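Chemist: I am attaching a structure below and will ask some questions about it afterwards.
Structure (structure tokens):
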């Protein structure tokens, strides 16, 4: 008769139960994380991300307009400092034309709003 099954038998059983609980908990965690990822993927990456990309696309031209306006303003100030009145007038006209383009682009974006929540925000 072997005594190996009787030595620390209760402790071995407790370790087996603990091992089962840890594996079950880990499996449950993996399943919950997978479900959470799928929900996030279906909602955020299909709806929210697409909406954000549309907004970035519609306002992206403003960045280039803003940088151009800053550059033209800098140019105007340099020419004013150097006393070149004709170049100051040219830069001023270029800034005015750029601002008109920005205004037209903004109006186009405003009139082309497709999301009802954003349109409601601007109209209230």
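Numbering (this note's numbering), first residue to last: -4 to 119.
Where is the CB? At the ideal position from N, CA and C, for every residue including glycine.
In this text the structure is predicted, and so the values were computed from the model without any measurement.
Does the distance from the C-beta atom of residue 60 to that of residue 100 stay below 9 angstroms?
Modeler: What you label residue 60 is simply residue 65 of the chain shown in a count that begins at 1. What you label residue 100 is simply residue 105 of the chain shown in a count that begins at 1. Yes, the Cβ-Cβ distance between residue 60 and residue 100 is below 9 angstroms.
Chemist: Take residue 82 and list the residues in its own chain whose beta-carbon comes closer than 6 angstroms to its own, dropping the five residues that flank it on each side.
Modeler: Within the chain shown, numbered from 1, the residue matching residue 82 stands at position 87. 74.
Chemist: Quick one: measure Cβ to Cβ for residue 67 and residue 89, integer angstroms, because I've assumed they're closer than 8 angstroms.
Modeler: As a working note, residue 67 is residue 72 in the chain shown. As a working note, residue 89 is residue 94 in the chain shown. The pair is a contact, with the Cβ atoms about 5 angstroms apart (cut-off 8 angstroms).
Chemist: So residue 7 is in the alpha helix (DSSP H); what residue range does that whole segment cover?
Modeler: Position 12 of the chain shown, counted from the first residue, corresponds to residue 7. Note, residue 7: alpha helix (DSSP H), 4 to 38.
Chemist: Return yes when the Cβ of residue 57 is within less than 9 angstroms of the Cβ of residue 22, no when it is not.
Modeler: Taking the chain shown and counting its residues from 1, the one referred to as residue 22 is at position 27. Taking the chain shown and counting its residues from 1, the one referred to as residue 57 is at position 62. Not closer than 9 angstroms, so no.
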